[in-house]
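Below is one structure, written out as structure tokens; comments come after it.
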Amino acid sequence: MTEPFGHPFRVDRQVHGYAVVVRVAGEVDAMTVRELRHEIAVGLALATPPSPVVVDLSAVDFLAAAGLNELHRGHQAARAAGVPLRVVAHHRHVLRPFEISGLDQEITPCATLAEALATHTRKNLRRFAAL
363 MTEPFGHPFR VDRQVHGYAV VVRVAGEVDA MTVRELRHEI AVGLALATPP SPVVVDLSAV
423 DFLAAAGLNE LHRGHQAARA AGVPLRVVAH HRHVLRPFEI SGLDQEITPC ATLAEALATH
483 TRKNLRRFAA L
């Protein structure tokens, strides 16, 4: 946990089945992005495709360009590893930077953790269609 200049920041990792959730709280900026980078990298190493790595930004108060860049890098690394990277975000102060930067064209933010954890595979779609 880092608290630069009195601004609390927290990032932790949880395993949900074969998916990994990286929960972030506080301000994501140049001072805190290194911890986010580390947790995304560990999440990618632990995840089992097709289950995703989910970066939960529900408790983020501020998302700077450094955080957007790190999410973009994480998305590229996830794609190379064959693991989906999903983001949970529903507050305007997080969604607006996504829109302005165009990152929402690469990573569509999910409104809830449950939505982000849903695994969409051909097998699941066939099974659903058969019901």
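Counting from 1 along the sequence shown, just add 362 to a position and that's the residue number in my numbering. No residue lacks a Cβ here, since even glycine has one placed at the ideal position from N, Cα and C.
So is Val456 buried or exposed if we call it buried at 16+ other beta carbons inside 10 Å? Its Cβ being crowded by 16 or more others within 10 Å, Val456 is buried.
Check Ser413 in the structure and name its three-state DSSP category. coil
Grab me the residues of Leu447's own chain with a C-beta within less than 6 Å of its C-beta, minus the 5 sequence neighbours each way, in chain order. Val415, Gly436, His437 and Ala440
Tell me whether the beta-carbon of Gly388 lies closer than 8 Å to the beta-carbon of Arg372. Going by beta carbons, Gly388 and Arg372 fall inside the 8 Å limit.
Taking DSSP as the reference, what is the three-state secondary structure of Gly405? Correct three-state label for Gly405: helix.
Please classify Glu461: does DSSP put it in a helix, a strand, or coil? helix
Any heavy atom of the ligand ZN inside 7 Å of the beta-carbon of Arg448? Ligands displayed in this structure: none; no statement on the ligand ZN is therefore possible.
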